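For reference, the structure is listed below as structure tokens.
Right under this line is the structure:
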């Protein structure tokens, strides 16, 4: 018999999910998927890794992982908003917690949301999760990540998708996606920004140029583009917007593509 870990009922006791009419008094605010009437359910299945989304339109989505740097995150968000691009950010719970605990705290997440951007979850720690079972993922990664995000965005926050660190997908990760009813989204176009930035012999401008070269070759309708909230990506937004225009592509939020995927 396949081990399923915590059931939906057990998740309810933890306050990780809320069904209509359920009034929970737990240590965790509720996720309230069903209660959020203004958040339509995605048309895609959960528990299945998504790397590309065919919407039948010339749409792509720009996604940014981690959010460790508030400075670069804001630069990216503002540059995107200036060019009419609504991006999708996948913060780690640790990054969100660091922002909340910073002296002189300002609500970075609320600011980005006000700009029209949206959030998925990159879980909590950004460690390699290959050996964690379903129960461990729930207690050590998903619930802490959702808890800290709700402290910034309110108790009704629902991530548009989940993205496991390093793109590592296990059976337990698929089960996590199914039980929480959150799409499991990876990518099909890695700009290589983080690997380039890790090379101390390459400047942010060089990395930006390499990113654009990759995107010129591979960007196409349905692309889910992976970037990170680092300097090369902050420099790349303006030229990416120009590239989108030349290719007659429109960057839309990930949620838009999930809800209109053919």
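In this note's numbering, the protein residues as written are 486 to 747.
The beta carbon of each residue, even a glycine, is placed where N, CA and C say it ideally should be.
All figures in this text were calculated on a predicted structure; none of them were measured in a lab.
Item to check | Inter-stretch contact (C-beta, 8 Å, three-pair minimum) for the region 657–666 and the region 693–700 | outcome: no
Checklist entry - Would you report the Cα separation of residue 567 and residue 544, rounded to the nearest angstrom? => result 19 Å
Item to check | One or two residues paired with residue 730 in a DSSP bridge | outcome: DSSP, once it has assigned bridges, lists no residue as partnering residue 730.
Checklist entry - Would the beta-carbon of residue 605 fall within 7 Å of that of residue 645? => result yes
Next on the checklist: Considering just the uninterrupted stretch of the beta strand (DSSP E) at residue 575, what are its terminal residues?
Outcome noted: 573–576
Checklist entry - Identify the residues that DSSP records as bridge partners of residue 675: which are they? => result 711
Checklist entry - Given 8 Å as the limit, is there contact between the region 596–610 and the region 566–582, that is, 3 or more CB pairs closer than that? => result Yes: the two stretches touch, three or more of their Cβ pairs being nearer than 8 Å.
Next on the checklist: Within the continuous beta strand (DSSP E) that includes residue 544, where are the two ends?
Outcome noted: 544–551
Next on the checklist: Using the Cβ count rule (16 or more neighbours within 10 Å means buried), how would you classify residue 678?
Outcome noted: buried
Checklist entry - Which whole-angstrom value describes the C-beta separation of residue 714 and residue 554, a residue pair presumed to lie in contact below a C-beta threshold of 8 Å? => result Between residue 714 and residue 554 a beta carbon distance of about 5 Å is seen, short of the 8 Å cut, so the two are scored as contacting.
Next on the checklist: Please return the same chain residues whose Cβ sits closer than 8 Å to the Cβ of residue 638, not counting the five positions on each side in sequence.
Outcome noted: 594, 595, 598, 604
Item to check | Exposure of residue 683, with buried meaning 16 or more beta-carbon neighbours within 10 Å | outcome: Burial call: exposed.
Checklist entry - Taking the C-alpha atoms as reference points, what is the distance between residue 668 and residue 719? => result 27 Å
Checklist entry - Is the distance from the Cβ of residue 622 to the Cβ of residue 652 below 7 Å? => result no
Checklist entry - Straight-line CA distance for residue 517 to residue 642? => result Annotation note: pLDDT 37 at residue 517 (below 50); position unreliable, no value reported.
Item to check | Where the alpha helix (DSSP H) containing residue 703 begins and where it ends | outcome: 689–703
Checklist entry - Between residue 675 and residue 711, is the Cβ-Cβ spacing less than 7 Å? => result Contact flag set, yes.
Item to check | DSSP three-state assignment for residue 670, whether helix, strand or coil | outcome: strand
Item to check | Terminal residues of the alpha helix (DSSP H) in which residue 628 lies | outcome: 628–638
Checklist entry - Is DSSP giving residue 647 helix, strand or coil here? => result Residue 647 sits in a strand when the DSSP states are folded into three classes.
Next on the checklist: When you compare the CB positions of residue 700 and residue 538, do they come within less than 7 Å of one another, or not?
Outcome noted: no
Next on the checklist: So the candidates are 729, 691, 703; which of them puts its Cα closest to the Cα of residue 716?
Outcome noted: 691
Item to check | Cβ-Cβ distance between residue 531 and residue 626 below 7 Å | outcome: no
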